[in-house]
Structures are given as C-alpha cells and as structure tokens.
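**Q** Here the protein sequences line up with chains A and B, keeping their order. Quick note: the first sequence uses our numbering, first residue -4, plus one each step. Quick note: the second sequence uses our numbering, first residue 676, plus one each step. Glycine residues also receive a C-beta, built at the ideal position from the N, C-alpha and C atoms. Fair warning: this is a prediction, and the values are worked out from it, not measured in the lab. Sharing a structure here in structure tokens format.
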Amino acid sequence: MISYIIKRLLALIPVIIGVALVVFLIIHLIPGDPAQTMLGERATVESIERLRESMGLNQPLYIQFINFFRDLLRGDLGRSVMSNNPVIAEISVRFPATLELSFFAMIFAVVVGIPAGIFAATHQNSLFDNFSMLVALIGVSMPIFWLGLMLIWLFAVILGWLPPSSRLSVGIEMEYITNILIIDSILQLNWAAFKNVLSHLILPAIALGTIPMAIVARMTRSSMLEVLKKDYIRTAYAKGLQDRIVVYKHALKNAFIPIITVVGLQFGVLLGGAVLTETIFSWPGLGKYLVDAIYARDFPVVQGGILFFAITFVFVNLIVDISYAAIDPRIEYN
Amino acid sequence: MNNFKKVSILLVLTLIVALFSFTALAQDEGEYGGTFIFGRGGDSVGLDPIQVTDGESFKVTQQIYDTIVMYKPGTTEVIPGLAEEWDVSEDGKTWTFYLREGVNFHDGNPVDAEAIKWNFERWGNLDHPYHIGGDFTYYGYMFQDYPGVIKEIKALDEYTVRFILNEPQAPFLANLAMVSFGIASPEAVKEHGENYFKNPVGSGPFKFVEWRQGDRVVLEANEDYWDGRPYLDEVVFRSIPDNGARYMELRSGSIDMMDYINPEDVKSVREDDSLDLVLRPSFNVGYFAMNMEFEPFDNLKVRKAFAHAINKEALIGAFYAGLAEPAKNPLPPAIWGYNDEIEDYPYDLERAKELLTEAGYPDGFEFDFYYMPVPRPYFPQPKLIAQAIQYYLSEIGVTANLLSYDWGTYLDKYYNDEFQSYILGWTGDNGDPDNFLYVLLDKTQNHGGYRSDELHEVLIEAQRTVDREKRTELYMEAQEIIHDDVPWVPIAHSTPPLVKKTMVKNYVPNPTSTEKLHRVWLDE
C-alpha cells in the first residue's frame, strides 16, 4: 500500500511538468499581447514596452519557461501582474473557500443522491423510480445560474429565510484562521458566526450540488440494479434475510465502487472552482478568480491556478483509489 | 397698489424664500451613524491608487486618500483639496500650492510639503527606493513618462510645495485631482514595502479596517477629517459579481446601494418606492470610426452619408435601456468646453443616399467593420450595436462585413491602424477636454487615419494655454473642425445607473466614476 502511494506520488512529477508546459504554451502562444490587454484603451507604445519588460515578455520563450520552472521548483508561483499579490497567497485564501463549498455540495449530493438511487433501484419502474429519475434528468441539465438565481429569489428575497449571497454577513465578527469559515467558527467557539456561515452555505451548496446529486443518483441506481440481479442476492433472499440487510449489507457494498469513483471525480471537478455558482453567490473561490485572470491575461495567476488544480485533481483521484481497498478487500495495490 | 400691500407681499415672499432655504439647509443636515453597504461587480485589485487602473480599486481609495486638489461633487471642476489655494506663474511652468495646516494621515503623521514631495518622487523617479510593487501606470500616462513633465518639486516650507515643470501642461491641475494621485503616508509605504497595497494609509474621510479578498473591504470614519467627520460610521464595499444577484441583494435589504444593473431590471427599480435610480453624468463616448487611409472613407461625402444614416436615438432605446444620450461631439456634455452649438447630422436616409451618389457610390459598396469582443460602459452590447449599425447602413445600400477579434488582438490591430472601420470608445481620466480631443483625434494620436493639421494647431495651442477661458474657446473651435471632418460618427455617451435605497441621502455621483462618501447619510 505505502509503496503504491509513493509510486503514485512520483507519477505526479511528469504530470506537473506536462501541465506546466501546456499551460505555459497556451497562455504565451494565443494571439493578443498580455501587456496590451492589461493596459486596454489607454495604452501607449512606451507603456506597453515598459510593462512587457517588467513582465519579462521581452525575453525568448524558452528563457521565460526556464524562469517559470525554476521559480516553480522553489515553490514560487510568481506575483499576480494585476495586483502584485503573490499567487500562492491568493490561492491560499481562495482555495479554502472553494473546498468548503465543494464539500457541502458533495454532502448534499451524496446524502440526497445515494438514498434516492437506492430507493429507485429497489423500487424499479415504480412511480418514485420514474419520478426521481426525471428529477435527476432535470438536475443534470439544469442551468446553474438560473437555479442559483431562483434559489436566491425564493429563499432570500421572497421568504427571507436565508441570506442571498457571500460567506458571512456584514456585522458578524470573526477572525479568519484557516479560511474555512465553518472550521474557524468552531475553533473560536463562535456559535453566532457558525450559524451565520452555515446559513450562507445552504443555497450555494444546493445549487452546486444539484448536478453531482443527479449524477450520483443515476449511478447508484444503475449500479444497484446490476448488483441486485446477481445470484448471491437471490441466495441471500433465499436464506430468508431481511430486505434491509440484503440491500445495505450485501448489495450496496458491492455497488459502491462505481459510486465512489463518480463521487471522487465530481469532487475533483468541484475543487477546480465553480465559476457560475461562485459568481452568483459572490463566493470568493478559485474558479471565478481564475476566469477573471484569464480575461485579464494575468498569466502568473492562470499558470499557478491551473497547476494547483491539476495537483488537487490527482490527489483526489489517489484518495479515491485508496478508498477502494477499504470498501472492497479484494482490491490489492501492487 | 399701495405701499402697505407692496411691503406685505415683499415680506411674504421673503418669508417663503427664507422658509425654502431653511428646508434646504435642514435637508443638507444629515444624521450621524450607521453602516453603508455598497454592492459592486468586482473586488479591488489593490488599494495603492497609483498602482491600479480599475474602477473598483478607485472607489475605495477615493475614501482613504486625499489629493492636492479635487473635483467639485458632481462635476469635473477643480476645487481645493489638501491645498487650500495655489498660484501659477505666467509661463505656466511653476505651480505653488499652499497646504491646509494640521491635517494628519490616519497613522498620525502630518500631511506636509515633504510628504507631498516624497509621494511624487516615489511615483516619478524610477530609482526611488520605494518605486516598487507595480508600474505606476497613471503617473507615466498623465505626466508623460517618469518623471516626465515634472522637473522638480520643492518643499518651500512646512506647508508650501512648488512644482516646476519642463514645459507648461494645461491639464496639470486637473491631473492632480485624479484619484490615482492620492497622497499616501510615507511612513506606511516604508513600513509595508511591496505589500503596501494591502495596508493603505491616507488622510481621507475613511480609514482602512480590513480587506477580505474577493469578498469585502471595510472602512471606518476618520473622526478628524478636515472637511468634517463623515456622517457614516462605517462603509463596506462588497463584491457581488452577478448583476442579477446584486439586485436581489438590494431587494432583500442586505446592501444599501449598487452599480451596474441589468437593463431589464431598470423598470422594476422605477416602480419600487423604496428604491431610487441615480444616473451618473456621462464621462465617456462610444464612436464609430472610419479609417481615412482606406477607400472610400478618404471621401468626406461618404463619411457624412454614414453620419446621416445611423439612428442614434433608436440605438440608445434598444441597447442602453435609455440610459445614455446621443453623442454629437467627442466630448461628453459634463466636461467644460463642450460645444453645445454644434448641430448633429440628423438621421436622414434620403440625404445619406444623395451624399453617396455625389461621392460616386450610387449603388453602395462593401467594407470591413470591426466590433469589440467585450462590453464597455460606452458600448454595453457591442455586437448587437454593430449589427444594428450594419442594418442602418444596408438601408443606404452599403454592405458592412462584421468582424471581431479577442480583446488583446483587437486593441493591437487598432493601435496599428489596421481596421477599415470599427467601434470603440473612451472614458475620461481627468475631466480635461484635452484628455478626449488630443488623445483621440490629434494627428499624432488618432488610429483612424485622421491627420488634420488645422486641428493639431488648435489642440497644441490649447495645451500651452493656462487661461481657462481661452482654452474653452480653442476647444469649441476644435469640436467644429472635428464635426466638419467627420472622422467618426459619435454614437452615445452612456450614463451609468446606480440604484440606492431611498433612505440613502445626499449621494452625488461624479462623472469621474468615484466620489467621496463623507457627506452621505442614512435616514433610518
């Protein structure tokens, strides 16, 4: 197991080099001068030249790449051209926000999606099955920005039950320690802040979790259906075991591998930042930040952000792979 | 009428006038206290005003910093700021400013002549030890390089500072009022170095409290502000990127004011008694340019025909939700020197066709028409506006091929004069006519093949003149020349909408896009 993890971690190195190279090339080879884009309508020839020089754009491409890679090895992703803030500092503020939201979105997806999938599978072709799969289909095809705005409109504007957006209300005092606010509020035993943070999480978590929820429900249903047709299930029933025990102990455990895979993949995708949800719910996460940087041609941010995303994704996959063994002892790692 | 009656009427009138002025005074008297939450479309990039170029940063730094002179609320007229008064030498090269005494930065250090000198040297001297942390873009831009037009700065005594210029610069005073040139506490800059942009210290009406990136900036009242303590205790700028979501925040009551509303929501604001729509005076121009280096735009009659063929009113109704005014000059009307006597070419298809026939194109022609890939305040929906212009031109038999590039490439090609025709625009910097007319249309600056020597002479003379009245005359003349030459069809000056709760009082939007908030109060 340990040697497997080490092997996987070593395999990260070529992945990082590859991603770094691709990101670097994409951002430097697409048309449109970053300096020009940044200065906009009021650029003069001199100001463009000066900015190009300070950004190192005057050097040959390979030198720029070597410099970028050398800094990368030192753990330095550079400074944002727009704000002059170190990219690492920006990521360390924004990633926890993304992580927190993704985590709650996945909880919503799993807590709703798996039971719905199981129930649909055990009651195949029932009214509930058809209804829940219809809901799942709608969920998968739902435009997030529309769903998000509707949620805000209904729960914040009309009913006034939940705050419309952001992470914490103005006027609630709390220190940011980890930048995962729910943890910060617990660390400080600040229950007013805890309640406030939680109430801010509900709507964006539902909006962001809806598509994964639908995917998880469909995957659970089909995986369960497959397992429920197996001989050993029939045997279990023949032994006179209770319905519940057959479904949860015998069937679900065996149906879990594809479900875990989907959950892991979805979580990995969410960790890259959800641009639309973050935009609508004013969530200061990684996705919106990266997209803004792409528009502004703030290439140190784009390079650093995508690289970070790639590494996170690989790690999530690694955790998923390891968790297979925990669920299914037949799986071995060599 | 006997005398008694006359006197009584006079008395009653005086009383009425007095009563009205009293009410007016009473209205100006605000209530102290409260937190004002402003919802905006994005976060600030940084809080060192000389290092940034984006409006979201300036909105905040306008509150934290003071400038030597500033704009009178709602206008681009220059009034005293940190300097109570100033004088200028005959040749326009020596400017002396007399500073207010007893003004301190938020860290307690005095705002004196040395501090002003230190700030300008930091910005303009490339070898200054604190010329770090960015590109000081607006300094180079407004003072034409580093140190550019400013030759020397002298602190004559504690409260007198003198600027000696290499050559007279007419908009010099207006430049000093720009939010970019907010005076920072030298001690704070030295303390924080490259990270000063996160720890701003000025002498403005509000002090910096905290900045949660991507989320909010919090400021608190500066009790000792030289222009009186702000009414508000606290100001919070929240980033709410989506226009629709921001509007819902306002409707749900979690913010007090916002900018950039979706055009389709304007109607519901007008119908809601608890909300006010406030229009910012325009500070921009969106135009359609015809490159005279390409045929047939070298022909004045063709350009005039185009000016007659585009229906500006209809464009504004359809694409700006009515929140703009048709442009007849390159200058927006809020800027001094605007020539209101100019009569725009009316929308007249018959006249347009006649002009095309006279120009030798009775059957029209085909040409390339580039539109911007990104919305700007002056062109909120560039593609749709370009399509509408294409349609208008088809009415006079002309075929426009619509084309676009990504923004960086678009600007690149614009600077290299590669477009046969295009739409683009400009938002002002310092409120000086030079900042529109010279920058966009002088023969050394224009990117549409417009090379008028006559206009060049007028604009250069205006740059070298200090007397405001004389300059006004010159700019009036310049606008006539431009009107006659038709290098552009000016389309619109947009008036960006702001929406506030009615309980927010005394918010006076400035054309320059930012305003100080110390006179704003909440009627709770």
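(1) Is there at least one Cβ from chain A nearer than 8 Å to F697 (chain B)'s Cβ?
(2) Could you spell out where the beta strand (DSSP E) holding I896 (chain B) opens and where it closes?
(3) With the cut-off set at 8 Å, would you say S949 (chain B) and A151 (chain A) are in Cβ contact?
(4) I'd like the ranges of any beta strand (DSSP E) spanning at least 3 consecutive residues and lying wholly in the segment 992 to 1048 of chain B.
(5) Does the segment 1042 to 1057 of chain B come close enough to the segment 1089 to 1103 of chain B that 3 or more CB-CB pairs lie under 8 Å?
(6) Using only the alpha-carbon positions, how far apart do G73 (chain A) and D1117 (chain B) sit?
(7) Is there a Cβ of chain B sitting closer than 8 Å to that of G155 (chain A), yes or no?
(8) Going residue by residue through the segment 120 to 144 of chain A, where are the continuous beta strand (DSSP E) segments of at least 3 residues, counting only ones entirely within it?
(9) Taking C-beta pairs closer than 7 Å, name the residues in chain B that T357 (chain A) reaches, listed in chain order.
(10) To the nearest angstrom, report how far apart Y243 (chain A) and N249 (chain A) are at their CA atoms.
(11) Is T32 (chain A) close to chain B, meaning its C-beta is less than 8 Å from at least one C-beta of that chain?
(12) Between G714 (chain B) and the rest of its own chain, which residues show a CB-CB distance below 6 Å, the 5 nearest in sequence each way excluded?
(13) Given a limit of 7 Å on CB to CB distance, which residues of the segment 775 to 809 of chain B reach chain A?
(14) Just the Cα atoms here: how many angstroms apart are L700 (chain B) and D902 (chain B)?
(15) Would you report the Cα separation of L122 (chain A) and R213 (chain A), rounded to the nearest angstrom?
(16) Can you name, in chain order, every residue of its own chain whose Cβ lies under 6 Å from the Cβ of G1124 (chain B), other than the five neighbours on each side?
(17) Counting contacts by CB-CB distance shorter than 8 Å, is Q702 (chain B) in contact with chain A?
(18) In terms of residue numbering, what span does the beta strand (DSSP E) encompassing T1102 (chain B) cover?
(19) Can you give, in chain order, each stretch of the alpha helix (DSSP H) that sits fully within the segment 7 to 49 of chain A and has at least 4 residues?
(20) Do you know offhand how far V130 (chain A)'s Cα is from V105 (chain A)'s?
(21) Rounded to the nearest angstrom, how far is the Cβ of A896 (chain B) from that of R904 (chain B), given a contact under 8 Å?
(22) Taking the alpha helix (DSSP H) that A212 (chain A) belongs to, which residues open and close that run?
(23) Return yes when the Cβ of A15 (chain A) is within less than 8 Å of the Cβ of L302 (chain A), no when it is not.
(24) Let me know if V17 (chain A) comes out buried or exposed under the rule of 16 or more other beta-carbons within 10 Å of its beta-carbon.
(25) Using a Cβ-Cβ cut-off of 8 Å, state whether M169 (chain A) counts as contacting chain B.
(26) If you measure from the beta carbon of E895 (chain B) to each beta carbon in chain A, is any gap under 8 Å?
(27) So with Cβ pairs under 8 Å, would you call P916 (chain B) a contact of chain A?
(28) Measure the C-alpha to C-alpha separation of P875 (chain B) and H867 (chain B) and round it to an integer number of angstroms.
(29) Threshold first: 4 residues or longer. Then list the alpha helix (DSSP H) segments lying entirely within the segment 1107 to 1158 of chain B, N to C.
(30) Flag D1081 (chain B) as yes if its beta-carbon sits less than 8 Å from any beta-carbon of chain A, otherwise no.
(31) Does the beta carbon of R292 (chain A) sit closer than 8 Å to a beta carbon anywhere in chain B?
(32) What residues in the segment 871 to 892 of chain B have a beta carbon less than 8 Å from any beta carbon of chain A?
(33) Identify every run of the alpha helix (DSSP H) within the segment 785 to 817 of chain B, keeping only runs that are complete inside it and at least 4 residues long; order them along the chain.
(34) Got a sec: is the Cβ-Cβ distance from L46 (chain A) to anything in chain B below 8 Å?
(35) When DSSP labels each residue in this structure, what does E765 (chain B) get in the three-state scheme?
(36) According to DSSP, simplified to helix, strand and coil, what is T698 (chain B)?
**A** The short version:
(1) The pLDDT assigned to F697 (chain B) is 45, lower than 50, so where the model puts this residue is not dependable, and the model offers no usable value.
(2) As written in the sequence, residue 896 (chain B) is Ala, which differs from the Ile given in the question. It spans 891 to 896 - the beta strand (DSSP E) in which A896 (chain B) sits, taken as one unbroken run.
(3) no
(4) List check, beta strand (DSSP E) in window: 999 to 1001, 1041 to 1045.
(5) They touch, by the three-pair rule.
(6) 40 Å
(7) Interface residue, yes.
(8) None, since the segment 120 to 144 of chain A contains no complete beta strand (DSSP E) of that length.
(9) Coverage of chain A is limited to positions -4 through 329, which leaves residue 357 (chain A) absent and any answer about it impossible.
(10) 10 Å
(11) yes
(12) Result list for G714 (chain B): R913, I915, R921, E924, I930, M933, in chain order.
(13) G808, G809
(14) In this predicted model, L700 (chain B) has a pLDDT of only 44, less than 50, meaning its place in the structure is not dependable; the value taken from the coordinates is given anyway. Between L700 (chain B) and D902 (chain B), the C-alpha separation is close to 17 Å.
(15) 16 Å
(16) Same-chain partners within the cutoff: N966, M967, E968.
(17) Summary for Q702 (chain B): the model assigns pLDDT 47, below 50, so the residue's position carries little reliability; its value from the coordinates is reported in the next sentence. It does not; no Cβ of chain A falls within 8 Å.
(18) Per DSSP, T1102 (chain B) belongs to the beta strand (DSSP E) from 1096 to 1102.
(19) As far as the segment 7 to 49 of chain A is concerned, its whole alpha helix (DSSP H) runs of at least 4 residues are 29 to 34, 40 to 49.
(20) 15 Å
(21) 6 Å
(22) 186 to 223
(23) Closer than 8 Å, so yes.
(24) exposed
(25) no
(26) no
(27) Look at P916 (chain B): its C-beta is under 8 Å from a C-beta on chain A.
(28) Cα-Cα distance, rounded: 9 Å.
(29) 1109 to 1116, 1128 to 1139
(30) yes
(31) yes
(32) F872, K873, R887, Q888, G889, D890, R891
(33) Every unbroken stretch of the alpha helix (DSSP H) spanning 4 or more residues and falling wholly within the segment 785 to 817 of chain B is given here in chain order: 788 to 799, 812 to 817.
(34) yes
(35) If DSSP states are grouped into helix, strand and coil, E765 (chain B) belongs with coil.
(36) Summary for T698 (chain B): the model assigns pLDDT 44, below 50, so the residue's position carries little reliability; its value from the coordinates is reported in the next sentence. Looking at T698 (chain B) - three-state DSSP - the assignment turns out to be helix.
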